[in-house]
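Asks:
Residue numbers (this note's numbering), protein chains in the order written: chain A, 210 to 323; chain B, 135 to 248.
#1: Run through the DSSP bridge pairs and tell me what residue 144(B) is partnered with.
#2: Could you tell me whether the region 207–217 of chain B touches the region 182–197 of chain B, where touching means 3 or more Cβ pairs closer than 8 Å?
#3: Out of 262(A), 256(A), 234(A), which has the shortest C-alpha to C-alpha gap to residue 274(A)?
#4: Within 7 Å (strictly less), CB to CB, does residue 180(B) reach chain A?
#5: Give me the Cβ distance between residue 139(B) and residue 239(B), rounded to the nearest whole Å; I'm assuming they're in contact under 8 Å.
#6: Assuming contact is defined by CB atoms lying nearer than 7 Å, are residue 227(A) and residue 295(A) in contact in what I supplied?
#7: Comparing the C-beta of residue 165(B) with each C-beta of chain A, is any distance below 7 Å?
#8: List, in order along the chain, the chain B residues whose C-beta lies closer than 9 Å to that of residue 312(A)?
#9: If the cut is a Cβ gap below 7 Å, which residues of chain B does residue 236(A) touch?
#10: Give me the residue from 322(A), 315(A), 211(A) with the minimum Cα distance to residue 218(A).
#11: For residue 299(A), which residues in chain B fall below 8 Å Cβ to Cβ?
#12: Considering just the uninterrupted stretch of the beta strand (DSSP E) at residue 297(A), what are its terminal residues?
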C-alpha cells in the first residue's frame, strides 16, 4: 500500500548532537513537508519542498536543515543549533505543488533530548 | 496571510450524542478548508475538505462540515459519536495563491464518555 514512512518512531538526542529523521513516500507525490507539533500549539511548518533539489523555509526553520535529492525522500536534520528540539515531528506529502489537494501524513517521530 | 482558530481546547461528549467542533478562519478570499483527525501518537488523517460549490461537505467516518462565508466558519459535525471518535481534531486553511501553504489550528481534543 502507498503511504509515508517515518523512522525512527522514537529518537533520543544528547545535547550538542545532530540527528536526522527519515521520511520516505511511495505515493509519487511532488510536494513534501515537515511539521513540528507541540502540545496546545498545533502544527508549525519547518520546511517544505515542491520539487526535487528545491526546498523552502517554513515558519520555524532555524536549527533545522533538509535535503530533497530524490522525489521519494525528504530527510530532516535537527542540528545542535535548535535549542528546544523535544517535540513530535510529522512529515507530509501532497500530490500537486500546492496545499489544495490535502496532505497525507506519516505516523511521526517523537524526538526527546536527554 | 491566513489564520485559523479553534475556540474549544477540549470537549467531552457522551457516546451517542451529537458533536460540533468549531473552526473560524481569517483569509481575504475563499480559502481551502480541511479537517484532520489525529489518534494519540499517530499522524493526521484527512476527514474532509472544502474547495468550492456545495457548502455542506461530507467526509469519512460519518463526519460533515459546513462552510459559512458570512461567519468565516467551517464547523465539523457528527450526529452520533462513537467511543472510537476520541482523538485530536485539527481544522486547517489553505491559501488560493501561488504560494500554497496550509495553516493548522491548535486542535480540539475530544473525549467520549461510554
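Beta carbons: idealized from backbone N, C-alpha and C, even for Gly.
It should be emphasised that the depicted structure is a prediction, and the values quoted were computed from it without experimental measurement.
Replies: Inspection of the coordinates gives the following:
#1: Translated into positions along the second chain, residue 144(B) becomes position 10. Beta bridge pairing from DSSP links residue 144(B) with 243(B).
#2: yes
#3: Position 65 of the first chain, counting from 1, holds the residue named residue 274(A). Comparing Cα positions, the closest option is 256(A).
#4: On the second chain, position 46 is the one that residue 180(B) refers to. By this cut-off, residue 180(B) is an interface position.
#5: Along the second chain, one-based indexing puts residue 139(B) at 5. Along the second chain, one-based indexing puts residue 239(B) at 105. About 6 Å separates the Cβ atoms of residue 139(B) and residue 239(B), confirming a contact at the 8 Å cut-off.
#6: Counted from its first residue, the first chain places residue 227(A) at position 18. Counted from its first residue, the first chain places residue 295(A) at position 86. No, they are not a contact pair.
#7: As a first step, residue 165(B) is located in the second chain; it is residue number 31 there, counting from the start. No - not a single Cβ of chain A is within 7 Å of the one on residue 165(B).
#8: The residue given as residue 312(A) occupies position 103 in the first chain. The contacting residues are 168, 170, 178, 180, 226, 236.
#9: On the first chain, position 27 is the one that residue 236(A) refers to. None at all; the shortest Cβ gap to chain B is about 13 Å.
#10: Here the question's residue 218(A) lines up with position 9 in the first chain. The shortest C-alpha separation from residue 218(A) is found at 315(A).
#11: Here the question's residue 299(A) lines up with position 90 in the first chain. Here the neighbours are 177, 178.
#12: Counted from its first residue, the first chain places residue 297(A) at position 88. It spans 296–303 - the beta strand (DSSP E) in which residue 297(A) sits, taken as one unbroken run.
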